[in-house]
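Below is one structure, written out as structure tokens; comments come after it.
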Amino acid sequence: MPELPEVEHARRLLQRHLVGKLVRSITVDTADDKVFEECSKTFEKMILGKRFVSAHRKGKLLWLEADRAPHPIFHLGMTGAFFIRGEERIRYVDTRGGHESSWPPRFTKLRLQMEDDTEAAYTDPRRFGRIRLSDDPRKFISDSKLGFDALNELPDEAEFLQELERRKRSISKALLLDQSFAAGIGNWVADEVLFQARIHPQRVVGSLSESEKRQLRSSIHNVVSSAVDVDADSDKYPRSWLFHHRWSKSKSGKVVNEEGLEIKFETVGGRTSAFAPKIQRLRSGSRTDSARPVSNGRKVSTKRRKQKSIGIVEGAEDEGEGDEVGGSSPIGNMRRRSRRLAALQHGEDEDRKGVAKGDEVKVPPKRVK
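Take any residue in the sequence shown, note its place counting from 1, add 68, and you have its number in the numbering used here.
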């Protein structure tokens, strides 16, 4: 699933290959009204002949600034990715062979051909990404109520501590997934940050010491900047990272890293969380009531406990994201419309949309050599 490092990789890819060039030809999957947010029929007309002047990113949102409005905005969802013909590719899912060197790639939703014959393709096998047009992308981003960008806008220490104090009743993992707190952090980045900070994902923010809070800030900076520095190439992530083991969840046997730490898996904030209990300890009284086992003979409904634990990451399980901005923000509205459309389309033959059932097997984001 693309998180900030993967989206920044896409931004840099577009900056290098599309910016400064005129769009000469566009191919749109006009049948896909789910990925294209009310613009599948108009995208070509609105973008053809324009020149891209810059590529921007805020959290997981990416947009291309054209020489005149409107401008395309992209949210990569679970499997969205940009490819440039002839360039090295980044991969989120593994499909059944034979497509790595093909062009256009499988599940292509949008193709752009530039004046110098550069070709770009946007693919989305699971179709949870979104493409829309906006006359004012910066206003759209502002209205989305995103928090600080985890790469470019990390608050100074004093401001960060104040923000944690305002959210002291939040669960640590759920707080990191909340895009109104830190834009761009998703499931694997959150787990890595907490692992390096030695904080259990169920710890309540208010139970953290001041030194732990400082370490949390430092870990956000270290994890995000390190991943971006190697252009989201997971083969280049330090071998000590939890990343290399968090995908090994198994029903039988232990998952142990190079240092001999056993990796456990629990659902926290509506998401599967990987952590090392030996160094990420859950102290007595350091988690919320919703995270504690039921005691004193009282029964608390599973539904109620679940609602409490994922309250600040609205829609955590609806689309596998778990890190949305809710309320009446544009992103929240896009998500709700998408879920309604998905319900109406339930039972349709997905092959017609370019998705073959059973084709995808999740693997960590990895560069294809």
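All C-beta atoms, glycine included, are put in the ideal place defined by N, C-alpha and C.
Computed from a predicted structure; not experimentally measured.
Check	Outcome
I need the DSSP call for residue 114, collapsed to helix, strand or coil.	helix
For residue 285, does the three-state DSSP call read helix, strand or coil?	helix
Using CA coordinates, which residue listed in 129, 87, 85 and 274 is at the minimum distance from residue 211?	129
Mapping the DSSP letters down to three states, classify residue 181 as helix, strand or coil.	strand
Look up residue 323 in the DSSP assignment and say whether it is helix, strand or coil.	strand
Span of the beta strand (DSSP E) holding residue 336?	330 to 336
Taking C-alpha atoms, which residue in 250, 134, 271 and 125 lies nearest to residue 288?	250
For residue 131, write down the residues that DSSP places opposite it in a beta bridge.	124 and 141
The alpha helix (DSSP H) that contains residue 260, what's its start and end?	255 to 265
Starting from the C-beta of residue 183, find all residues in its chain whose C-beta is less than 7 angstroms away, skip the five residues before and the five after it, and write them out in chain order.	89, 90 and 92
Where does residue 272 fall in DSSP's three states?	strand
Are the CB atoms of residue 131 and residue 120 nearer to each other than 8 angstroms?	no
So, are the CB atoms of residue 217 and residue 274 less than 8 angstroms apart?	no
What span of residues does the beta strand (DSSP E) with residue 96 cover, start to end?	91 to 96
In three-state terms, what does DSSP make of residue 347?	coil
Enumerate in chain order the residues of its own chain whose CB-to-CB distance from residue 138 is below 7 angstroms, with the five nearest sequence positions on each side excluded.	114, 201, 202 and 203
Is the region 71 to 86 touching the region 299 to 306, taking contact as three or more C-beta pairs under 8 angstroms?	yes
Between which two residues does the beta strand (DSSP E) harbouring residue 202 extend?	198 to 202
Who pairs with residue 187 in a beta bridge, going by DSSP?	181
So for residue 218, helix, strand or coil by DSSP?	coil
Please state whether DSSP places residue 99 in a helix, a strand or coil.	coil
If we ignore side chains and look at the alpha-carbon of each, how far apart do residue 238 and residue 333 end up?	20 angstroms
Comparing alpha-carbon positions, which option in 80, 116, 112 and 272 lies nearest residue 234?	272
Spatial neighbours of residue 87 within its chain, please: C-beta separation below 7 angstroms, excluding the five flanking residues on both sides.	120, 121, 122 and 123
Return the first residue and the last residue of the alpha helix (DSSP H) that residue 152 is part of.	Run containing residue 152: none in the alpha helix (DSSP H); it sits in the beta strand (DSSP E), 149 to 152.
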